[in-house]
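Novice: Here's a structure for you.
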Amino acid sequence: MDLLDTFFNVPILIRTFPMLMSGLWITIQIGATSIIAGLVLGLFLSLIRLYAAKPLVFIARIYIDIFRSIPLLVLLIVVYYALPFVGIRLSPFFSAVVALTLVSGAYTAEIFRAGIEAIPSGQFEASRALGLSYRHMMVDVVLPQAVKIVIPPLTNNCINVMKDTALASVVAMPDLLKQATQAQALAANPSPLIGAALIYLAFLWPLVALVSRFERHMGQRGAR
Amino acid sequence: MSSFIEIRNLNKHYGAFAALTDIDLDIAEGEVVCVIGPSGSGKSTLIRCINLLESFSKESTILVDKIPVEPGKHLAQVRAEVGMVFQSFNLFPHMTVLRNIMLAPLRVRGLSEAKAEKKARELLDRVGIGEQAEKYPGQLSGGQQQRVAIARALAMEPRVLLFDEPTSALDPEMVGEVLDVMRDLAGTGVTMIVVTHEMGFARQVADRVIFMNGGKIVETGKPEVIFDAPKEPRTRDFLSAVLNH
Numbered sequence: 139m140d141l142l143d144t145f146f147n148v149p150i151l152i153r154t155f156p157m158l159m160s161g162l163w164i165t166i167q168i169g170a171t172s173i174i175a176g177l178v179l180g181l182f183l184s185l186i187r188l189y190a191a192k193p194l195v196f197i198a199r200i201y202i203d204i205f206r207s208i209p210l211l212v213l214l215i216v217v218y219y220a221l222p223f224v225g226i227r228l229s230p231f232f233s234a235v236v237a238l239t240l241v242s243g244a245y246t247a248e249i250f251r252a253g254i255e256a257i258p259s260g261q262f263e264a265s266r267a268l269g270l271s272y273r274h275m276m277v278d279v280v281l282p283q284a285v286k287i288v289i290p291p292l293t294n295n296c297i298n299v300m301k302d303t304a305l306a307s308v309v310a311m312p313d314l315l316k317q318a319t320q321a322q323a324l325a326a327n328p329s330p331l332i333g334a335a336l337i338y339l340a341f342l343w344p345l346v347a348l349v350s351r352f353e354r355h356m357g358q359r360g361a362r
Numbered sequence: 009m010s011s012f013i014e015i016r017n018l019n020k021h022y023g024a025f026a027a028l029t030d031i032d033l034d035i036a037e038g039e040v041v042c043v044i045g046p047s048g049s050g051k052s053t054l055i056r057c058i059n060l061l062e063s064f065s066k067e068s069t070i071l072v073d074k075i076p077v078e079p080g081k082h083l084a085q086v087r088a089e090v091g092m093v094f095q096s097f098n099l100f101p102h103m104t105v106l107r108n109i110m111l112a113p114l115r116v117r118g119l120s121e122a123k124a125e126k127k128a129r130e131l132l133d134r135v136g137i138g139e140q141a142e143k144y145p146g147q148l149s150g151g152q153q154q155r156v157a158i159a160r161a162l163a164m165e166p167r168v169l170l171f172d173e174p175t176s177a178l179d180p181e182m183v184g185e186v187l188d189v190m191r192d193l194a195g196t197g198v199t200m201i202v203v204t205h206e207m208g209f210a211r212q213v214a215d216r217v218i219f220m221n222g223g224k225i226v227e228t229g230k231p232e233v234i235f236d237a238p239k240e241p242r243t244r245d246f247l248s249a250v251l252n253h
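Here the protein sequences line up with chains A and B, keeping their order.
In terms of the working numbering, the first sequence opens at residue 139 and continues consecutively.
In terms of the working numbering, the second sequence opens at residue 9 and continues consecutively.
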């Protein structure tokens with residue numbers, strides 16, 4: 139069974155499994171940090187985009203458009219390889235987190251904006267008529283309703299960020315993909331790459347299934 | 009007559025369209041005023057100016073209990089004194105009926121949870137739906153939702169209540185229960201301004217009826233005068249159209 143030995147060599151998989159696991163841990167760290175930072179940045183940007191003074195709105199729009207247009211790989215390489223020329227030297231980990239956060243923040247901002255805009259104007263009017271402050275209106279009335287609307291697209295975005303962490307391997311970050319390629323080189327066998335692919339799948343498939351469930355659920359609720 | 013709400017020279021434009029033109033109006037404390045008129049006549053816009061849900065031109069002034077209605081730090085004070093009930097209820101769908109009523113007293117008046125809840129339950133009993141406290145707005149009928157909305161406005165102990173066509177979105181069989189609650193309120197001394205198409209209610213409950221058309225106040229007077237002996241031809245046309253359909 140040459141094929142099995144080449145692509146699914148169990149002894150090699152067992153030997154390189156610790157490497158892959160340490161890579162997965164780094165992938166999770168990069169992904170989780172970027173997702174959380176991206177959420178904060180996105181919420182902040184969406185509120186500016188919706189409610190700030192005109193010039194700030196303009197800046198937020200430009201930001202969102204730029205970072206939704208630029209390929210993540212290009213951004214990552216600029217952050218890691220170009221910024222040192224102006225004295226900004228970020229570690230591979232922070233380069234990856236910064237690039238992922240900048241892009242994720244732009245997408246998240248648009249998701250939040252759509253969610254907030256989907257709240258009927260009557261909710262804002264009732265809040266204001268009751269004398270609620272802007273902060274209480276957002277925290278108690280608008281955002282809890284918007285969050286329900288944005289959970290499916292937000293989860294989708296999280297999946298994308300998680301997948302995009304694989305790009306960190308190009309800046310020498312020992313994430314899951316990088317560990318797998320190194321293990322492949324050491325073992326002179328591609329089984330670790332297959333192993334890595336399976337780990338990505340095992341990790342992200344449930345999330346994808348979750349989004350589908352959210353969407354079905356929302357569809358049913360929307361139909362009532 | 010000391011006027012509790014004082015509206016002077018109120019103008020509002022949407023671009024070139026004049027939504028309100030030179031409105032002068034004084035309303036005494038405890039007075040119940042019904043505003044009638046065809047749709048698009050500016051009735052809703054008028055009452056929405058009183059709590060600044062609509063902005064108006066700079067030369068206009070509105071005073072509520074001597075406090076100017078304008079953006080800035082007085083606005084929260086005005087809005088705390090002025091309650092509003094909307095045509096489409098605008099309850100908060102993600103909160104129980106009880107939390108809907110408690111929210112503003114907790115956040116704006118700074119009441120304790122216990123006090124806010126006690127008051128909310130009293131108000132729900134008063135509008136006749138005490139047993140619905142733990143439900144969500146979506147589980148209630150339109151009439152019940154509007155009664156919750158009235159209780160929510162009352163929870164702030166406002167001195168003025170604005171009603172913006174409160175029964176227009178209701179199924180006919182539910183109009184009565186909401187009007188009953190409003191009729192009870194009218195007897196409590198709270199100032200009420202009611203935009204409505206319910207002429208029977210206006211005639212029976214209002215101290216004064218205002219007829220608006222084309223963004224202007226055309227005629228104002230006691231209900232028996234407006235309904236039985238209107239002076240202006242436009243008022244007569246409108247009333248004969250709505251009363252004889």
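Cβ atoms here follow ideal geometry from the backbone N, Cα and C, with glycine treated the same way.
In this text the structure is predicted, and so the values were computed from the model without any measurement.
Would you decide whether isoleucine 75 of chain B is buried or exposed? Buried here means 16 or more other CB atoms lie within 10 Å of its CB.
Specialist: Looking at its Cβ environment, which holds fewer than 16 other Cβ atoms inside 10 Å, isoleucine 75 of chain B is exposed.
Novice: In terms of residue numbering, what span does the beta strand (DSSP E) encompassing alanine 26 of chain B cover?
Specialist: Segment 25 to 35, the beta strand (DSSP E) holding alanine 26 of chain B.
Novice: So is alanine 361 of chain A in contact with chain B if we call contact Cβ pairs under 9 Å?
Specialist: Only weak support exists for where alanine 361 of chain A lies, its pLDDT of 40 falling under 50; the value from the coordinates is given anyway. So no, alanine 361 of chain A is outside the interface.
Novice: Output yes if chain B places a C-beta closer than 9 Å to the C-beta of glycine 253 of chain A; else output no.
Specialist: no
Novice: Methionine 164 of chain B lies in the alpha helix (DSSP H); which residues open and close that run?
Specialist: Counting along the chain, methionine 164 of chain B falls outside any alpha helix (DSSP H), and DSSP gives it neither H nor E.
Novice: Could you give the uninterrupted runs of the alpha helix (DSSP H) lying entirely in the segment 261 to 345 of chain A, keeping only those of 4 residues or more?
Specialist: 281 to 302, 314 to 325
Novice: Is phenylalanine 223 of chain A buried or exposed, if buried means 16 or more other CB atoms sit within 10 Å of its CB?
Specialist: exposed
Novice: Cutting at 8 Å between CB atoms, please list the residues of its own chain near arginine 191 of chain B, excluding the five before and the five after it.
Specialist: Phe209, Gln212, Val213
Novice: Compare the Cα-Cα distances from glycine 223 of chain B to each of B/Ser47, B/Arg87, B/Val202, B/Arg129 and report the closest residue.
Specialist: B/Ser47
Novice: Once you ignore the five residues that flank glycine 180 of chain A on each side, which residues in its own chain have a CB closer than 6 Å to its CB?
Specialist: Gly243, Thr246, Ala247, Phe250
Novice: Please tell me whether leucine 61 of chain B and glutamate 78 of chain B are closer than 9 Å, where the distance is taken between their beta carbons.
Specialist: Taking 9 Å as the Cβ cut-off, leucine 61 of chain B and glutamate 78 of chain B do not qualify as a contacting pair.
Novice: Start and end of the beta strand (DSSP E) containing leucine 71 of chain B?
Specialist: 69 to 72
Novice: Is the CB of asparagine 252 of chain B under 9 Å away from at least one CB in chain A?
Specialist: no
Novice: So within the segment 173 to 206 of chain A, which uninterrupted alpha helix (DSSP H) runs reach at least 4 residues, ignoring any that extend past its ends?
Specialist: none
Novice: Sort A/Leu142, A/Phe232, A/Asn295 by Cα distance to methionine 311 of chain A and report the nearest one.
Specialist: A/Phe232
Novice: To which residues of the same chain is arginine 56 of chain B closer than 6 Å at the C-beta, ignoring the five residues directly before and after it?
Specialist: Glu62
Novice: In the DSSP assignment, find the alpha helix (DSSP H) that holds alanine 239 of chain B and state where it starts and stops.
Specialist: At residue 239 of chain B the sequence reads lysine, which differs from the alanine that was named. Per DSSP, lysine 239 of chain B belongs to no alpha helix (DSSP H) and is neither H nor E.
Novice: Under 9 Å, Cβ to Cβ, is there at least one residue of chain E near valine 90 of chain B?
Specialist: The structure shown contains no chain E; its protein chains are A and B.
Novice: Which residues, taken in chain order from the segment 218 to 241 of chain A, show a beta carbon closer than 9 Å to some beta carbon of chain B?
Specialist: Against chain B - using a Cβ distance shorter than 9 Å - the segment 218 to 241 of chain A contributes no residues.
Novice: When burial is assigned at 16 or more other CB atoms within 10 Å of the CB, is lysine 230 of chain B buried or exposed?
Specialist: exposed
Novice: With DSSP run on the structure shown, which of helix, strand or coil describes arginine 227 of chain A?
Specialist: coil
Novice: Where are the beta strand (DSSP E) runs, 3 residues long or more, that stay fully inside the segment 83 to 154 of chain B, in chain order?
Specialist: DSSP runs (the beta strand (DSSP E)) wholly in the segment 83 to 154 of chain B: 90 to 93.
Novice: Whole angstroms is fine: what's the gap from valine 90 of chain B's alpha carbon to arginine 266 of chain A's?
Specialist: 11 Å
Novice: Does the beta carbon of proline 145 of chain B come closer than 9 Å to any beta carbon on chain A?
Specialist: no
Novice: Using the Cα positions of alanine 170 of chain A and aspartate 313 of chain A, report the straight-line distance between them to the nearest angstrom.
Specialist: 13 Å
Novice: At a cut of 8 Å, does the segment 150 to 157 of chain B reach the segment 82 to 100 of chain B through at least three beta carbon pairs?
Specialist: yes
Novice: Apart from the five residues just before and just after glutamine 95 of chain B, which ones in its own chain have a Cβ nearer than 6 Å to its Cβ?
Specialist: Asp172, Glu173, Ser176, Ala177
Novice: For leucine 339 of chain A and alanine 175 of chain A, what's the separation of their Cα atoms in angstroms?
Specialist: Using only the alpha carbons, I get a separation of about 24 Å.
Novice: Applying the 10 Å Cβ sphere with the 16-neighbour rule, what's the burial state of arginine 362 of chain A?
Specialist: Unreliable placement is indicated for arginine 362 of chain A, whose pLDDT of 35 sits below 50; the coordinate value is still reported in the next sentence. Exposed: under 16 other Cβ atoms inside 10 Å.
Novice: With 16 other CB atoms within 10 Å as the buried threshold, where does arginine 180 of chain B fall?
Specialist: The question names arginine, but residue 180 of chain B is proline in the sequence shown. So proline 180 of chain B ends up on the exposed side.
Novice: What does methionine 164 of chain B touch in chain A if you count any residue whose Cβ is under 9 Å from its own?
Specialist: Leu268, Gly269
Novice: Using the Cα positions of serine 248 of chain B and proline 241 of chain B, report the straight-line distance between them to the nearest angstrom.
Specialist: 11 Å
Novice: Any C-beta of chain B within less than 8 Å: which residues of the segment 165 to 194 of chain A qualify?
Specialist: none
Novice: So with CB distances below 7 Å, who are the chain A contacts of asparagine 61 of chain B?
Specialist: The residue asked about is misnamed: residue 61 of chain B is leucine in this sequence, not asparagine. Within chain A, the residues near leucine 61 of chain B are Glu263, Arg266, Ala267.
Novice: Hey, out of B/Arg117, B/Arg87, B/Gly138, B/Arg115, whose CA is closest to leucine 106 of chain B's CA?
Specialist: B/Gly138
Novice: Mind checking which residues open and close the alpha helix (DSSP H) that includes glutamate 1 of chain B?
Specialist: Missing from the structure shown is residue 1 of chain B; chain B here goes from 9 to 253 and no further.
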